[in-house]
Amino acid sequence: MSIRNLDALFSPSTVALIGASNRPGSVGAVLARNLLGAGFAGPVLTVNPHERSIRSTLNYHSVKELPLSPDLAIIATPPDTVPGLIKELGERDCRAAVVISAGFGEGEKADGKALKRAMLKAARPYLMRIVGPNCLGILAPHNGLNASFAHLTPQKGNVAFVTQSGAVATSILDWASARDIGFSYVISLGSMSDVDFGDVLDFLALDPKTRSILLYVEAISDARKFLSAARMASRNKPVIVVKAGRSDAGAKAALSHTGALAGSDVIYDAAFKRAGMLRVKTLDELFQAAGTLATGIHVQGDRLAILTNGGGVGVLAVDELVDAGGHLAELSAATLSRLDCVLPLAWSHANPVDILGDATGQRYADALDILVDERDADALLIINCPVAVADSLDAAQAVTTTLDKRRLPVLTCWLGEGAPAQARRLFAEKRIPSYETPEQAVRAFLHLYSYRRNQQALMETPEAISDLISIDMTSANAIIDRVVEDNRSVLTEPEASAVLAAYGIPTVPSMVTRTPEEASRAAQQLGFPVVLKIVSRDISHKSDVGGVQLNLASSDAVYQAAENILTAARQAAPLARIDGFNVQPMIRRPWAHELILGVSEDDVFGPIILFGQGGKAVEVIGDRVVGLPPLNSLLAQDMIRSTRISRLLQGYRDHPPTDMDAITLTLVKLSQLVSDLERVVELDINPLLADASGVIALDARIVIRADQHQRPALAIRPYPKQFEKIITARSGQAYFLRPIRPEDEDAMVSMLRQSSPSDVRLRFFAAIKKFDHAFAARLTQIDYDREMAFVAMPPGIEEIVGVVRLSADPDKQKAEFAVMVRSDLKGTGLGYSLMQQIIDYARNNAIKQVFADVLQENQPMLKMVKELGFVVQPTAHQADSITVVLDL
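To get the numbering used here, take the position in the sequence shown, counting from 1, and add 969.
Quick look at the structure:
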């Protein structure tokens, strides 16, 4: 990922327009009009080989003739000219280009793809960034830049809109203009040959002019880059996304249930959620959600109270709330009693609180003053219907006056067109969100809830469960090796069960036999009743060929079942090789639920994990959720809660609750399997029986990659276990060094509390007395793809005594370090050893420079870094600190 030279895109000092035109209605003419008429303060240089001037501006016939080197070039010429122009511009030190032209491989045209490769090759030596091709362009209203062929220039604002579709961009510009909505940037990415969503998100995350980021996504090109950037941006400001396309067509060829169930849209949904983004369904919702979040209100849950002067619209709001998965707040007896004292006898006496059609502003105020204290409600929706016997504006004024002492998040809905106009303006002045319909208001409330839930998930600290996971990766790989040597890609069920057992996933004991006679004898050893399954390297779904017989109670029954299975399999799959039979005890768990756990691969996001209700009808039931590995306990629990069957797992009537911890742990183990075993392409556990006593996998299917093709990378880099090692400080004391983990939060806080206030201030440049969750989570929850932190622990003791971290810029060219050792261990050489480890890590990851700001009074630190070869430089932005730099 890279933000290199993106400043030239959004705040250039000089712009060149290649392909400018005077021909009315042409793209070149519109581009010239926008560039010259939007208020850009710098020179705009036009290039056209046939014109003397463009719109009264002196024109140049070639890039070589330009009197100034442009920071940014806009290119709207035939596609075959673009690679050459890029080379010429690079030679003139141009740092960025927006390629408007199409014809670079859209529709899978081979000649266009060759042109795109040539264009990128021409840009590479000059590190030139390219937006497009086939895009509308970019707009930066704060800089007076309209480098697009849009039909208008938007006003300045604090919303950035990033889109792959030029048509959507122009539609949004028109929509926003009618509503006086301004933008910090409007960016049309087009084909994303170079600059993509990840790059732009990294830029916008730190842009002070942008308060919220809106995305229109058709496809993601680099999942890991996108998710790293999105997670970073989402921690700084709201990121709201609408995704076009919900096709599941890509899963049709999958061998496993998981592959067939995990369509592309649910994977995108999981990715957006994992990144802390808010996904909405429509462009209208996109801007409504941005407006709602911009008001700054927050909700804690999904319970809504409703105050209305119209019972019917209150019911509509309830219907929308329930349909969307929210809950109606249950008003307390105390609240109902207080409302009885101030409302007419005919009020609804329930939520929604219908205060009748003749409700005055005072009645609204009286009811509102009580409802804002309701502890069971997470927000309050106030609805007003225009009536002849009451004044809508009076009601709005009463609401705003009462809410000056607001204790509960409030949304408003004043229905109608003319009557509520003044009321909506009043709400806007007071930063109270207002909507035209009850449905819009309810969706806005649920957007707030979803956004908070996703943000919480970004920062929650998972329970430490690594001690509960026992892994025999060597055995699992040995099984896969034997399958590869046998020129197979599908493991037999006994092989698949053995791989699961190597990762501590409970499986059914089994005996593999070759003949019906052997199967009969094996059943006697295991004890009746038993299950008999066909073993065939060529049959993936055993039940489809009659290859499973249940509840066999005698040796004769087993023998006859084996003969029947052979007959049925030979009829259904005459060419399949029959390897024998798998005999297993019949598992009887009358209260158990059948679940499915699975693994599949997505072309964009790589390996994914599926969880849901299992059994033979798994595709028909369709109760499943997809997650991205790696999973921790919190992420696994969230997956479980997202399914319908989760409510049954909690227990009901005479059904005891299921062991949820066992299901959670199985999902985490499966996630570890995905991270470790790169040759696993698809995996099904169906069913996984789950009840109060735990879980057990009854059937398993694994498909592997038998060739040498590399697996798509995990979209989120997993815990890098390869960096675990023992180091020795100068004192001779050995320490266990490993990457930091989210569950290290308590240990990290303990180290800081055991350190002196002076040492904490030297590390964080401020006196910190309270180490709360938000502070600690930012230290322990890192993105291993762009950050690294190593903790030092005495061997065998779960206690952090030192930590060193490195935070790279998105270009991964420079990285800032920080190091701290617990106060009682200063002077032992541990800090020096930690610095050596992080410098080695930076060098091995091709980072070119490591630096840090150090307080001048921190003489031990300055002495240490000088020994390590750092150069000391003055710090311009802080008088009491200096910068230390090490070029690698």
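From the three backbone atoms N, C-alpha and C, an ideal C-beta is built for every residue, glycine too.
Open item on the list: Using DSSP's beta-bridge definition, name the partner residues of Val1568.
Closed with: For Val1568, the pairing in a beta bridge is given by DSSP as Ile1578, Leu1652.
TODO: Whole angstroms is fine: what's the gap from Ser1301's alpha carbon to Val1341's?
DONE: Cα-Cα distance, rounded: 12 Å.
Task: Local conformation of Asp1292 per DSSP, three classes - done: Asp1292 falls in the helix class under three-state DSSP.
TODO: Report, in whole angstroms, the separation of the C-beta atoms of Ala1736 and Pro1726, which I expect to be a contact under 8 Å.
DONE: With a contact defined as Cβ atoms closer than 8 Å, Ala1736 and Pro1726 qualify at about 6 Å.
Task: Tyr1472 in three-state terms, based on DSSP - done: Three-state result, Tyr1472: coil.
Open item on the list: Mapping the DSSP letters down to three states, classify Leu1170 as helix, strand or coil.
Closed with: helix
Task: First and last residue of the uninterrupted beta strand (DSSP E) at Tyr1154 - done: Annotation: the continuous beta strand (DSSP E) that includes Tyr1154 extends over 1152-1157.
Task: Terminal residues of the alpha helix (DSSP H) in which Glu1588 lies - done: That run of the alpha helix (DSSP H) goes 1587-1590.
Open item on the list: Taking a contact to mean a Cβ-Cβ separation below 9 Å, would you say Ile1685 touches Leu1196 in this structure?
Closed with: yes
Open item on the list: My output table needs one value for His1562: the three-state DSSP class, helix, strand or coil.
Closed with: strand
- [ ] Let me know the secondary structure DSSP gives Thr1461 once reduced to three states.
- [x] DSSP places Thr1461 in coil when its eight states are reduced to three.
TODO: Within 10 angstroms of the Cβ of Pro1407, are there 16 or more other Cβ atoms? Answer buried if so, exposed if not.
DONE: It is buried - the Cβ of Pro1407 has at least 16 other Cβ atoms within 10 Å.
Task: Euclidean distance between Cα positions of Gly994 and Ile1023 - done: Going from the Cα of Gly994 to the Cα of Ile1023 covers about 14 Å.
Task: Gly1771, DSSP secondary structure in three states - done: strand
Open item on the list: Counting beta carbon pairs with one atom in the region 1497-1505 and one in the region 1523-1539, are three or more of them shorter than 8 Å?
Closed with: yes
- [ ] Compute the Euclidean distance between the alpha carbons of Arg1539 and Ala1545, then round it to the nearest angstrom.
- [x] So the two alpha carbons sit approximately 7 Å from each other.
Task: DSSP beta-bridge partners of Tyr1870 - done: Any answer about residue 1870 is impossible in this case: the structure gives the chain only from 970 up to 1857.
Task: C-alpha distance - Ser1611 paired with Leu1297, whole-angstrom precision - done: 19 Å
Task: Phe1820 vs Met1757 beta-carbon contact at 9 Å - done: no
- [ ] In the DSSP assignment, find the unbroken alpha helix (DSSP H) run with Thr1536 in it and report its ends.
- [x] 1524-1541
TODO: Spell out a yes or no on whether the region 1035-1052 and the region 973-991 are touching, meaning 3 or more CB-CB pairs, one atom from each, closer than 8 Å.
DONE: yes
TODO: Helix, strand or coil for Asp1335, going by three-state DSSP, please let me know.
DONE: helix
- [ ] Tell me whether Gln1269 is buried or exposed, calling it buried when 16 or more other Cβ atoms sit within 10 Å of its Cβ.
- [x] exposed
- [ ] With a 10 Å radius around its C-beta and 16 neighbouring C-beta atoms as the bar for buried, classify Glu1836 as buried or exposed.
- [x] exposed
Open item on the list: Just to confirm before moving on: does the CB-CB distance between Ile1209 and Met1161 stay below 9 Å?
Closed with: In this structure, Met1161 does not lie closer than 9 Å to Ile1209 by Cβ.
Task: Residues near Lys921 by beta carbon distance below 6 Å, same chain, minus five either side - done: For residue 921 there is no data in the structure shown, the boundaries of the chain being 970 and 1857.
TODO: Please confirm if Arg1710 has its CB atom under 9 Å from at least one CB of chain D.
DONE: Here chain D cannot be found, since the structure has a single protein chain.
Task: Tyr1154 classed as buried or exposed, judged by whether at least 16 other C-beta atoms fall within 10 angstroms - done: Label assigned to Tyr1154: buried.
Task: Per-residue DSSP class, three states only, for Tyr943 - done: Residue 943 lies beyond the residue range present for the chain, which begins at 970 and ends at 1857; the question has no answer from this structure.
Task: Residue burial classification, Leu1114 (beta-carbon count within 10 angstroms, cutoff 16) - done: buried
Open item on the list: Among the candidates Ala1426, Ile1324, Thr1277, Val1760, whose CA atom is the shortest distance from the CA of Lys1694?
Closed with: Val1760
Task: alpha helix (DSSP H) runs contained entirely in the region 1703-1773, provided each spans 4 or more residues - done: Within the region 1703-1773, the complete alpha helix (DSSP H) runs of at least 4 residues are 1714-1722, 1726-1733, 1742-1749.
- [ ] Alpha carbon to alpha carbon, how far is Phe1166 from Asn1003? Give it in angstroms, no decimals.
- [x] 25 Å
Task: Closest residue to Thr1026 among Asn1446, Ile1807, Leu1005 (Cα-Cα distance) - done: Nearest C-alpha to Thr1026: Leu1005.
TODO: Pull up the CB-CB distance for Tyr1095 and Val1137, whole angstroms please, since I reckon it's below 8 Å.
DONE: In fact, because the Cβ distance is near 31 Å, the residues do not count as touching under 8 Å.
Task: Coil, strand or helix - Met1383 by DSSP - done: One point to set straight first is that residue 1383 is Trp, not Met, in the sequence displayed. Here Trp1383 sits in strand by DSSP.
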